[in-house]
Amino acid sequence: MDNSPARGTRDLLPSAVALRDHVLARITEVYHRYGYQRIETPALEDLTRLTGGQGGENEKLIYQVLRRGLPDPVAADTPVADLVDLGLRFDLTVPLTRFYGNNHANLPLPFRSFQFGPVWRAERPQKGRYRQFNQCDIDLVGEPSVLAEVELIEATTEALAAVGLPGGATVRLSDRRFLSALAAASGLDESLWSTFFIGLDKLDKIGWDGVRTELAERGLPTEAVNSALDRIQSLTGLSADKVADALANALPSTDPQPFIEDLATTVGCLDELARTRELRWEFDPTLVRGMGYYTGQIFEIGHPASRSSVAGGGRYDRLIGRSLGRDVPACGFSIGFERIVDLLAERPSRESVAVLFESDVPLARALHVARELRAVGRTAEVLPRSGKIGAQLGRLTAAGHTSLVHLRSGEDQPQERELER
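Going by my numbering, the first residue of the sequence shown is number 1318, and it counts up by one from there.
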């Protein structure tokens, strides 16, 4: 029988799990200091919730689960919809909205949520992309002001620094309301906005000329597209004190545009934060993010060592309303946990003592020595001596042990010594 894991999944050896435990512990420490509380939701969700139209392309990647009690065999013409009722979650945001709808009466307002756990997507397996992987999210539910956006960005950048991510990360931010206002001001009919945003989202891959060509091929009016793209290009490289005026000039309107003040506040806070820690930020008018549930500010953290962003999120004020029957303001940030693990240059050291005992040493003595080490917070493993001592010491080092206590008959006070790395 083939012992390989299912295609698109992987086994993790102890050293890999230890690294993930280290990263999660550092992130958890930071998020707890900001008041975020860990919750858990089931891996399975009702399929109608997962396919509610807000998950973008991820809805095409859902692992669907057969109903219980189906006849065997099933009639050949039975629709798939009649065979399935549950699906594996593809992210942690959609389950959070159900969780809040079910438990809001027992939660504080605002509620600071922290989640970590596996999600599943039926991706085509390739290097660095798996069908099961971990996500790490924080969400601030019930806070309508930009306090939510600023705090999420500050906490997440602090968490990334705490895990030892090398320097060079940049926070990019924009606003879905800005994108909609820009499309309208450029003369694009609202029915074409989604197509325009999808094309704009490909800018990093195909460039400005590629975006113009693709949008033309999709039938969007050239004049309106050029107007929108010209406005966007005029809004790059803005300093914090220029954002509000530049947006107002690019989007002339007699109606108030609250997102302009919101963005100005956010970038002002980030500019202040950048004076006290290593942090780079930019207003990026080309940032779209694919999820259909975003309603306001959106943001990503990029790193020069990664082709994709290492964290991303935004405001989704109308998603919880689908579960609760009334809209609740909410904003979230998701760390690309697996990408962060891959980017770390230094692996955490593992301090462990091997208690090695000869065949003529009573087992009770070896267990007693290990017990005393554990009592003072040390990690200790008891192992019988076997084979050639040099070969066994090599195996202990390879297994991650850093020191050795070798128990021999007649030695009352064995000494601990370091193992050669």
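Positions of the beta carbon are idealized from the N, C-alpha and C atoms, including for glycine. Since the structure is predicted, the reported quantities are computational estimates derived from the model, not experimental observations.
Exercise. Are the beta-carbon atoms of serine 1640 and tyrosine 1417 separated by less than 8 angstroms?
Worked result: What you label residue 1640 is simply residue 323 of the sequence shown in a count that begins at 1. What you label residue 1417 is simply residue 100 of the sequence shown in a count that begins at 1. Their beta carbons are under 8 angstroms apart, which means serine 1640 touches tyrosine 1417 by this criterion.
Exercise. Could you give the distance in angstroms between the alpha-carbon of arginine 1597 and the alpha-carbon of valine 1605?
Worked result: Translated into positions along the sequence shown, residue 1597 becomes position 280. Translated into positions along the sequence shown, residue 1605 becomes position 288. In a straight line, the C-alpha of arginine 1597 is about 19 angstroms away from that of valine 1605.
For this session: Measure how close the beta-carbons of glycine 1649 and aspartate 1518 come, nearest whole angstrom, since I'm counting them as under 8 angstroms.
Result: In the sequence shown, the residue the question calls residue 1649 occupies position 332. In the sequence shown, the residue the question calls residue 1518 occupies position 201. Going by Cβ atoms, the distance from glycine 1649 to aspartate 1518 rounds to 19 angstroms, so no, they are not a contact pair.
Exercise. With a Cβ-Cβ cutoff of 8 angstroms, do aspartate 1399 and asparagine 1375 count as a contact?
Worked result: Residue numbering aside, residue 1399 sits at position 82 when the sequence shown is read from its first letter. Residue numbering aside, residue 1375 sits at position 58 when the sequence shown is read from its first letter. No; because the gap between Cβ atoms is not below 8 angstroms, this pair is not in contact.
For this session: Report the partner residues of valine 1458 according to the DSSP bridge assignment.
Result: Position 141 of the sequence shown, counted from the start, is the residue given in the question as residue 1458. Valine 1458 pairs with Phe1428 and Ala1647.
For this session: Report all residues from its chain with a CB closer than 7 angstroms to the CB of arginine 1438; omit the five preceding and five following residues, and keep chain order.
Result: Taking the sequence shown and counting its residues from 1, the one referred to as residue 1438 is at position 121. Apart from sequence neighbours up to five positions away, the residues of its chain that approach arginine 1438 with a beta-carbon distance below 7 angstroms are Asn1375, Leu1378, Phe1407 and Arg1448, ordered along the chain.
For this session: Specify the secondary structure class of serine 1720 as computed by DSSP and reduced to three states.
Result: Numbered from 1 along the sequence shown, position 403 holds the residue referred to as residue 1720. In this structure, serine 1720 counts as strand in the three-state DSSP scheme.
Exercise. Of the residues Gln1432, Val1382 and Ile1356, which one's Cα is nearest the Cα of asparagine 1423?
Worked result: Stepping through the sequence shown from its first residue, residue 1423 is reached at position 106. Shortest Cα-Cα distance from asparagine 1423 to any of Gln1432, Val1382 and Ile1356 involves Ile1356.
For this session: Find the nearest neighbour of glutamine 1574 within the set Ala1498, Asp1394, Asp1319 and Ala1472, judged by alpha-carbon distance.
Result: Position 257 of the sequence shown holds residue 1574. Answer by Cα proximity: Ala1498.
For this session: Could you spell out where the beta strand (DSSP E) holding valine 1382 opens and where it closes?
Result: Residue 1382 sits at position 65 when you count from the first residue of the sequence shown. 1381–1383 is the span of the beta strand (DSSP E), which, as asked, contains valine 1382.
Exercise. Between the stretch 1613–1623 and the stretch 1522–1531, do three or more beta carbon pairs fall short of 8 angstroms?
Worked result: Result no; under three Cβ-Cβ pairs closer than 8 angstroms.
For this session: Would you decide whether glutamine 1732 is buried or exposed? Buried here means 16 or more other CB atoms lie within 10 Å of its CB.
Result: Taking the first residue of the sequence shown as position 1, residue 1732 is located at position 415. Exposed, because fewer than 16 other Cβ atoms sit within 10 Å of the Cβ of glutamine 1732.
Exercise. Quick one: Cα of leucine 1330 to Cα of arginine 1489, how far?
Worked result: Working through the sequence shown from its first residue, we reach residue 1330 at position 13. Working through the sequence shown from its first residue, we reach residue 1489 at position 172. In a straight line, the C-alpha of leucine 1330 is about 35 angstroms away from that of arginine 1489.
Problem set entry | Same chain, Cβ closer than 6 angstroms to alanine 1486, neighbours up to 5 away in sequence not counted | For the purposes of this step, residue 1486 is taken as the residue at position 169 of the sequence shown. The answer, listed in chain order, is Ile1618 and His1620.
Exercise. What are the uninterrupted segments assigned as alpha helix (DSSP H) that are 4 or more residues long and contained completely in the stretch 1511–1576, given in chain order?
Worked result: Under the rule that a run must span 4 or more residues, the alpha helix (DSSP H) segments found entirely inside the stretch 1511–1576 read 1520–1534, 1539–1550 and 1560–1567.
Exercise. Which word fits glycine 1629, buried or exposed, when buried means at least 16 other C-beta atoms lie within 10 angstroms of its C-beta?
Worked result: Locating residue 1629 in the sequence shown gives position 312, counting from the first residue. Buried.
Exercise. Going by the CB atoms, is the gap between aspartate 1644 and glycine 1296 shorter than 8 angstroms?
Worked result: With the chain covering 1318 to 1738 only, the question about residue 1296 has no answer from this structure.
Exercise. With C-beta atoms as the reference, is aspartate 1363 less than 8 angstroms away from leucine 1403?
Worked result: For the purposes of this step, residue 1363 is identified with residue 46 of the sequence shown, where counting begins at 1. For the purposes of this step, residue 1403 is identified with residue 86 of the sequence shown, where counting begins at 1. Their beta carbons are under 8 angstroms apart, which means aspartate 1363 touches leucine 1403 by this criterion.
Exercise. Of the residues Asp1521, Ile1515, Ala1545 and Gly1484, which one's Cα is nearest the Cα of leucine 1501?
Worked result: Position 184 of the sequence shown, counted from the start, is the residue given in the question as residue 1501. The residue asked about is misnamed: residue 1501 is alanine in this sequence, not leucine. Checking every option, the nearest Cα to that of alanine 1501 belongs to Ala1545.
For this session: Let me know if leucine 1383 comes out buried or exposed under the rule of 16 or more other beta-carbons within 10 Å of its beta-carbon.
Result: As a working mapping, residue 1383 is identified with position 66 in the sequence shown. Flag for leucine 1383 reads exposed.
For this session: Use the C-beta contact count for valine 1391: other C-beta atoms within 10 angstroms, 16 or more gives buried, fewer gives exposed.
Result: Translated into the one-based positions of the sequence shown, residue 1391 becomes position 74. It counts as exposed.
For this session: Can you tell me which of Leu1636, Ser1332, Gly1704 and Ala1708 puts its alpha carbon nearest to the alpha carbon of glycine 1717?
Result: In the sequence shown, residue 1717 corresponds to position 400, counting from 1. The shortest C-alpha to C-alpha distance from glycine 1717 to any of Leu1636, Ser1332, Gly1704 and Ala1708 is the one to Ser1332.
Problem set entry | Minimum C-alpha distance to glutamate 1466 - residue among Ser1726, Ala1647 and Ala1683 | As a position in the sequence shown, residue 1466 is number 149, starting the count at 1. The shortest Cα separation from glutamate 1466 among Ser1726, Ala1647 and Ala1683 belongs to Ala1647.
Exercise. Quick one: what does DSSP say asparagine 1451 is sitting in, helix, strand or coil?
Worked result: The sequence position of residue 1451 within the sequence shown is 134, counting from 1. In the structure shown, asparagine 1451 sits in a strand (DSSP, three-state: E or B).
For this session: Starting from the Cα of glutamate 1468, find the closest Cα among Gly1613, Asn1419, Tyr1348 and Ser1669 and give me that residue.
Result: Numbered from its first residue, the sequence shown carries residue 1468 at position 151. The candidate whose alpha carbon is nearest that of glutamate 1468 is Tyr1348.
Exercise. In whole angstroms, what is the alpha-carbon distance linking serine 1503 and leucine 1413?
Worked result: By one-based count along the sequence shown, residue 1503 stands at place 186. By one-based count along the sequence shown, residue 1413 stands at place 96. Whole-angstrom Cα-Cα distance: 36 angstroms.
For this session: Would you mind giving the Cβ-Cβ distance between phenylalanine 1513 and leucine 1537, rounded to the nearest angstrom? I have them listed as a contact below 8 angstroms.
Result: Indexing the sequence shown from 1 puts residue 1513 at position 196. Indexing the sequence shown from 1 puts residue 1537 at position 220. With a Cβ gap of about 6 angstroms, phenylalanine 1513 and leucine 1537 count as contacting.
Problem set entry | Euclidean distance between Cα positions of valine 1436 and leucine 1482 | One-based indexing of the sequence shown puts residue 1436 at position 119. One-based indexing of the sequence shown puts residue 1482 at position 165. Each residue's alpha carbon lies about 23 angstroms from the other.
For this session: Flag serine 1511 as yes if its beta-carbon sits less than 8 angstroms from any beta-carbon of chain D, otherwise no.
Result: Absent from the structure: chain D. Only one protein chain is present.
For this session: Inspect the beta-carbon positions of valine 1699 and alanine 1683 and report whether they are closer than 8 angstroms.
Result: The residue labelled residue 1699 in the question sits at position 382 within the sequence shown. The residue labelled residue 1683 in the question sits at position 366 within the sequence shown. In this structure, alanine 1683 lies closer than 8 angstroms to valine 1699 by Cβ.
Problem set entry | Rounded C-alpha distance that separates alanine 1479 from leucine 1426 | Taking the sequence shown and counting its residues from 1, one reaches residue 1479 at position 162. Taking the sequence shown and counting its residues from 1, one reaches residue 1426 at position 109. Using only the alpha carbons, I get a separation of about 28 angstroms.
Exercise. If we ignore side chains and look at the alpha-carbon of each, how far apart do alanine 1360 and glutamate 1578 end up?
Worked result: Along the sequence shown, one-based indexing puts residue 1360 at 43. Along the sequence shown, one-based indexing puts residue 1578 at 261. Distance between the alpha carbons of alanine 1360 and glutamate 1578: 39 angstroms.
Exercise. Taking buried to mean at least 16 other C-beta atoms within 10 Å of its own C-beta, is proline 1322 buried or exposed?
Worked result: For this step, residue 1322 is matched to residue 5 along the sequence shown. Looking at its Cβ environment, which holds fewer than 16 other Cβ atoms inside 10 Å, proline 1322 is exposed.
Problem set entry | arginine 1493, buried or exposed, once every other Cβ within 10 Å from all chains shown has been counted against 16 | As a working mapping, residue 1493 is identified with position 176 in the sequence shown. Buried, because 16 or more other Cβ atoms sit within 10 Å of the Cβ of arginine 1493.
Exercise. So phenylalanine 1654 is in the alpha helix (DSSP H); what residue range does that whole segment cover?
Worked result: Sequence index remark: in the sequence shown, residue 1654 carries index 337 (1-based). Element bounds for phenylalanine 1654: 1654–1660.
Exercise. Going along the chain, which residues of its own chain have a beta-carbon closer than 8 angstroms to the beta-carbon of tryptophan 1525, five neighbours each way excluded?
Worked result: Position 208 of the sequence shown, counted from the first residue, corresponds to residue 1525. Only Leu1546 and Gln1550 meet the Cβ criterion.
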